[in-house]
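Heads up, the sequence shown is in the numbering used here, so the first residue is -19 and it goes up one at a time. Glycine included, every Cβ here is placed at the ideal spot set by N, Cα and C. Right, one structure below, let's go through it.
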Amino acid sequence: MRKWWMGIGLLLGIACMWKACVLLMMAIHPDGEGIGVYFLGVEINDRVNLREIPFYVTAFFGLGMVLLFQVWVYWQKGIGLRRSSD
């Protein structure tokens, strides 16, 4: 069961980091007055001003880092359990 959670966490962490990079590019190269923020097909907010984009970049980047760190910790914990039982 842990492998499933690690896989899901890894995919979501990478997706969050990717979304943060995409939003950062939108903030650097604006296309109009605002944007809509969608994540995995779900609408987060349909009217985000350009000055609010850094908040979303920080949120997605932070969530991605937390998820990837959690996967790394669980992976290290699993490796440690296997080594101690050998």
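Of the residues the options, the one placed nearest residue i, counting alpha carbons only
i	options	result
PHE49	ALA(-5), MET6, GLY(-11)	GLY(-11)
Distance CB(residue i)-CB(residue j) smaller than 8 Å
i	j	result
MET6	VAL51	no
PHE40	LYS(-17)	no
CYS(-4)	LEU30	no
Residues of its chain near residue i, where Cβ-Cβ distance is below 6 Å and the 5 sequence neighbours each way are ignored
i	result
PRO10	LEU30
ILE24	VAL17
Beta carbon proximity, residue i to chain D, threshold 8 Å
i	result
PHE19	In the displayed structure, chain D is absent; only one protein chain is listed.
Residue interval of the beta strand (DSSP E) (run including residue i)
i	result
GLY16	14 to 19
ARG31	Taken as a continuous stretch (DSSP letters only), ARG31 belongs to no beta strand (DSSP E), as it is neither H nor E.
Cut-off 7 Å between Cβ atoms - residues of its own chain near residue i, not counting five sequence neighbours on either side
i	result
ASP66	Only weak support is given to the placement of ASP66: the predicted model assigns it a pLDDT of 48, under 50, and the value that follows is read from those uncertain coordinates. Within the same chain, ASP66 has no close Cβ partners at all.
Contact set for residue i: own chain, Cβ-Cβ below 8 Å, skip 5 residues either direction
i	result
ARG27	GLY14, GLY16
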